[in-house]
Structure formats: structure tokens, C-alpha cells
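Per my numbering, the sequence shown starts with residue 126, numbered consecutively.
Everything on this sheet refers to the single structure shown next.
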Amino acid sequence: MTTRTCSFLLAPLALAAAAVAQGPDFLLTYSQPELTLSGSGGGVLRFLYPNEVAHLEWSNGPCSSLSAEKWAPRTCFHTMAGDEDFDTWWFEPTMMGSIDALMTGAATTPVGGLANARTIFYSPSVPLGTAVSGAPGLRPGDVGRIVRDAGFVEGQIEYFLRREQINLAMGLPLNTPIDVDAIAWAQGIGVFFSLDIDTPAMLGCGPAFVQDGAILTIPDWAITWNPNLTVAAVLPNTAEVVYTEAQVDAMVWNAQLTDRFGNCIPNAIDTEALEIDWSGPIQSNPGCTGVVIQVPTLIFSTETMTGAGLCTTQGFGTIYNGLCGAAARGCGGGPTFGPQMGIQAASTTLGAPSYINSIASTFAYRYVMEPQQHIVNVPAAGLPVGSQMVDISSPWPFNFVFWTPAAFAPGTATQSFPNILGVPLTFPDFYPNPNFWTWTGGGFNSWPMVPVPGGFVGKVVFQSLAFPPGGSWELSTPITVEFF
Numbered sequence: 126m127t128t129r130t131c132s133f134l135l136a137p138l139a140l141a142a143a144a145v146a147q148g149p150d151f152l153l154t155y156s157q158p159e160l161t162l163s164g165s166g167g168g169v170l171r172f173l174y175p176n177e178v179a180h181l182e183w184s185n186g187p188c189s190s191l192s193a194e195k196w197a198p199r200t201c202f203h204t205m206a207g208d209e210d211f212d213t214w215w216f217e218p219t220m221m222g223s224i225d226a227l228m229t230g231a232a233t234t235p236v237g238g239l240a241n242a243r244t245i246f247y248s249p250s251v252p253l254g255t256a257v258s259g260a261p262g263l264r265p266g267d268v269g270r271i272v273r274d275a276g277f278v279e280g281q282i283e284y285f286l287r288r289e290q291i292n293l294a295m296g297l298p299l300n301t302p303i304d305v306d307a308i309a310w311a312q313g314i315g316v317f318f319s320l321d322i323d324t325p326a327m328l329g330c331g332p333a334f335v336q337d338g339a340i341l342t343i344p345d346w347a348i349t350w351n352p353n354l355t356v357a358a359v360l361p362n363t364a365e366v367v368y369t370e371a372q373v374d375a376m377v378w379n380a381q382l383t384d385r386f387g388n389c390i391p392n393a394i395d396t397e398a399l400e401i402d403w404s405g406p407i408q409s410n411p412g413c414t415g416v417v418i419q420v421p422t423l424i425f426s427t428e429t430m431t432g433a434g435l436c437t438t439q440g441f442g443t444i445y446n447g448l449c450g451a452a453a454r455g456c457g458g459g460p461t462f463g464p465q466m467g468i469q470a471a472s473t474t475l476g477a478p479s480y481i482n483s484i485a486s487t488f489a490y491r492y493v494m495e496p497q498q499h500i501v502n503v504p505a506a507g508l509p510v511g512s513q514m515v516d517i518s519s520p521w522p523f524n525f526v527f528w529t530p531a532a533f534a535p536g537t538a539t540q541s542f543p544n545i546l547g548v549p550l551t552f553p554d555f556y557p558n559p560n561f562w563t564w565t566g567g568g569f570n571s572w573p574m575v576p577v578p579g580g581f582v583g584k585v586v587f588q589s590l591a592f593p594p595g596g597s598w599e600l601s602t603p604i605t606v607e608f609f
């Protein structure tokens, strides 16, 4: 949404109505570092990492400009989390390892349903530290998010589904270490997931050896929901396998798609991402216990789908077709390259190395900043204006940049406050910004960093603000730059 600014110079409600009419976008992560298809103006926003979220915009603009742009950069997660590992540095390039599973929470209105970095849920491959959040933190096997709680305490974890709840539903000891590799959910239907490793379990149908390619469900009737539609409790031994690994293998083969080398993919090995495909049918299955379970059509990726391909369970295995076409090449058609999912191919003959590591279907806007250098050494003579640059992606033509000193003590996070003017389309919180610094244009741009006096040691949060038509004000994702 950054380069097509004219599409967004409308009132927020009109925007939401238009988006609903055209269909949702994808939020997604990739298994390897990748490059955006557009190049994102040549700045750091073009680099997509496995532990940050990209936005693939199906719903606006021509399909010829389809590009997966950075949506929740690492520095946004770092700012929200603070010094989670108590080492005095906020910036941790490998924090969370990778985002292995991704989903959006409940939406109550078209505008309120717009996803932002505070509303999405995710599961990491590496646990976050607990210096700020406290135990147990966000672990592989949890599906949660970094929030500011009702007491305005930063860096806390809100869970959609805890590791212990999955273990209980699978009949495992509660402290069993598991890793959720994919997740999707639907109100009134249930939660669907896949694990990273083969796991013996005691499911609703008895003992089972759950393979990492299998897709399971915790049916809605087995879940007690909190008022915000996160999971309060599950009934023990209620998880069921809806597709075995052998069945997922068969669906991949039936879909007849190619990998990055152009080879026809014969199997799944490991299911890596799930989302519900509402364009497909929902089946009512009796289940092995005789209690009916609902199984929607599922979009999925597997470890073998390099080149960023996607399939669905419809027809027991087909290539997924989005608003802009097929999400993979068919067998005999050459490699699946990656541009169909917004990333650059490795070469003219070789597709991108990644498979889709997580995916969520939602409506979203991009208003993003990232510094070219996250940690900056300050010499004795100080740093002049523009010695460091920050890259920005904005749908609005005028963007005002503010800065504020950040939390500095080890094991702390910087305080934020809710944007209370209207319903935000972008990042919902502002960091206390008493200091105006500069302004910059829309689309992909860069702005020069403030001058830094010699000997300065500390952290500074920067955030951009825009005034779109409709009377609201919008905030970019925050960044923290650390000076030493």
C-alpha cells in the first residue's frame, strides 16, 4: 500500500468498506531471508526475515505490482518486548528465531478487524526471554502476542492458546515441550494446527503417533472461550487428526505443483502453515468419537514447497488460487519462482529458497519504519544530522517524525499509550513523543537521524505520525535505536 498512495486517500470507513468488498490480504513469514519483489525503494525495508511479518496485498492495486512488503519489522517487536533477555540490548536480530505460526484474533467490525502488530498472534521457534514478561513467556508451543496489559505494564504476553492447553487436548503431560508449526482457527468451528516433530499422543480416538505433516483439530465444543475469544480451557484428550501425514502427502501430489527447481513435489514432509480458505466448502465429519467436527477447506504449505507455493485441501489437493492467480506453478510448467507470493526469485532459472512458514488472511495497512543501523557507536565528536538514516513506508503523503528517550534499565520496556482518536488503521499505540524532529513524504522514503552529542549513551524511540482524511491520526510501527 506504500507505492499506491492514491488508493488510500479516503476516509477510514470508506477504505474498510472497499477492502471488504475486494477480499482480504495475507500476512505471512518465509522460512529464509528473502527480498521483496518491489525492492521497497532500495532501502532496508526490502529485506524480509523469518522473525518478522510481511504483508501481501491482494485487495488493492494491480496484480502486476504484487509484492510482499515489510509490515511488522523486527525492531517493532523489539520495541514492544524491551530487554527481554536482560542483556541491556533491545535489538536482538534472532529474537523468536522464526515465526512458525501466525493467526489473527477476533474481528468485530470491518475497521476494527484490521490487523496490526498488537492484534496478531504468533508462535516462535525460539522462546522469548522472560526478563520483562515474566515466566512462562512466549515459548514454542504457545500462540500469543506481546502486549501492554490493562495496568499499562509493557512487554507482557497475551495467549491465544498455551502449550499446556494443546498438551492437555492431545493427552500429553502438561510440561511436554512441543513446537506449533502451523495454526488456524474459526469461531464456532475450532482450532487447527500442526506440530514440528512426530509426537506420540492420546487423542480423542485413543493412542496415536502424530506425525509432523498431520493436521489436527481441537473442536469448538471442546474449547471454553474467554470474552475476547482467546482459549480459556480445553477438554482433555479431545484433539483429533483431520488429515494424516499420508493424506497431506497425497494432497500435495494431487495438487501437481513444482518446487523452486521445477521438480514436481511428491510429498509434504512437514506441514508448515495453515489458514482457512472461506471460498471452499466446510465438511461435517462424524469423527472417530461420533461427535461431529467441522472441517473447513484449508490453505496450507509444506516444507517441500520451496518457491513459496501454497495448496488447499479442496478437491483433496489443489494449487491455491488467490485474487492474483495461482500460488505455484503446475508440474511441467517450470519452477515455482516466488513472485506469485511477492518475493524475488533466486535467478532466472531458480526459485526463491523459502517455503511459506506461516500465513494469516486478514485486512491490513502498512505504515512502517526501520533504521538502517539499529545499534550505533557514538564517537567523542558526536554524530551530525543524517549520519544515520531511517527508511519509511507510508500510504500517506505527509509523515511527521517524533522521538523520545527510551527505557534504559536492563529488563525493562519503553512505555506506550493507546491512540484514542478514532479507530486506528495501523499501529494502535503511541510512544510519548515530546520531540518533533522532521517530516518526510509518502511511499518509500528515508529521513536523516537527529544529531547525537559526543559521549551519548542511551536508547531513543522514533515513531511517525500522519493525518489521513477522516479526522483520525495514524502511527507507524515504532523503532528503537541504541547509541553507545
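Just so you know, even glycine gets a beta-carbon here, dropped at the ideal spot from N, CA and C.
Predicted model, so just to flag it, every value in this text is computed and none were measured.
Item, Value
"Burial state of SER192 (16 or more Cβ within 10 Å)", "buried"
"ASP304 beta carbon near the ligand FAD (any heavy atom closer than 7 Å)", "The ligand FAD is not part of this structure, which contains no ligands at all."
"Alpha-carbon to alpha-carbon, ALA505 and TRP183", "49 Å"
"Neighbour-count burial assignment, ASN388, 16 or more Cβ in a 10 Å radius", "exposed"
"Element boundaries [alpha helix (DSSP H), containing ALA275]", "Per DSSP, ALA275 belongs to no alpha helix (DSSP H) and is neither H nor E."
"Nearest-angstrom beta carbon gap, PHE561 and ASP150 [assumed within contact, 8 Å]", "Contact doesn't hold; Cβ gap of about 32 Å is too wide."
"Reference HIS203; option with closest CA among PHE592, PRO522, VAL577, GLN540", "GLN540"
"Which of helix, strand or coil DSSP assigns to SER597", "coil"
"Inter-stretch contact (C-beta, 8 Å, three-pair minimum) for the region 378-398 and the region 296-304", "no"
"Pick from VAL493, GLY511, LYS584, GLY568 that is closest to ALA532, judged by C-alpha positions", "LYS584"
"THR369 versus PRO406, PRO361, THR324, residue with shortest Cα-Cα distance", "THR324"
"Segment contact flag, the region 245-253 with the region 263-278, C-beta cutoff 8 Å, min 3 pairs", "yes"
"Segment contact flag, the region 374-386 with the region 320-335, C-beta cutoff 8 Å, min 3 pairs", "no"
"Beta-carbon gap between THR349 and ILE394 smaller than 8 Å", "no"
"Three-state secondary structure assigned by DSSP to ASN410", "strand"
"Stretch pair the region 572-584 + the region 543-557: three plus CB contacts closer than 8 Å", "no"
"Segments of 4+ residues assigned as alpha helix (DSSP H) that fall wholly inside the region 337-375", "none"
"Residues near ARG454 in its chain [Cβ-Cβ closer than 6 Å; skip 5 each side]", "THR383, THR461"
"Assigned exposure category for CYS330 - 16 Cβ within 10 Å defines buried", "exposed"
"Nearest neighbour of THR529, chosen from VAL366, VAL420, SER589 [CA to CA]", "SER589"
"Residue from ASN379, GLY167, THR414, PRO496 whose Cα sits closest to the Cα of PHE216", "PRO496"
"Status (buried if at least 16 other CB within 10 Å, exposed otherwise) for VAL236", "Residue placement at VAL236 cannot be trusted, given a pLDDT of 46 that sits under 50; the coordinates are not used to answer."
"Under the three-state DSSP convention, the category TRP378 falls into", "helix"
"Buried/exposed call for THR363, threshold 16 Cβ in 10 Å", "buried"
"Classification of CYS201 by the beta-carbon crowding that lies within 10 angstroms, buried from 16 upward", "buried"
"Buried/exposed call for ASP212, threshold 16 Cβ in 10 Å", "exposed"
"8 Å Cβ cutoff met for GLY230 and THR244", "yes"
"Spatial distance of ALA144 from ILE401 (CA atoms)", "Confidence at ALA144 is low in this model, with a pLDDT of 35, below 50, so the placement of that residue is unreliable and no value is reported for it."
"Best match in LEU354, ASN379, PHE334 for proximity to TRP310 [C-alpha to C-alpha]", "LEU354"
"Those residues which DSSP pairs with ALA453 across a bridge", "Answer is none; ALA453 lacks a bridge partner."
"Proximity of PHE552 and LEU600 at Cβ, strictly below 8 Å", "yes"
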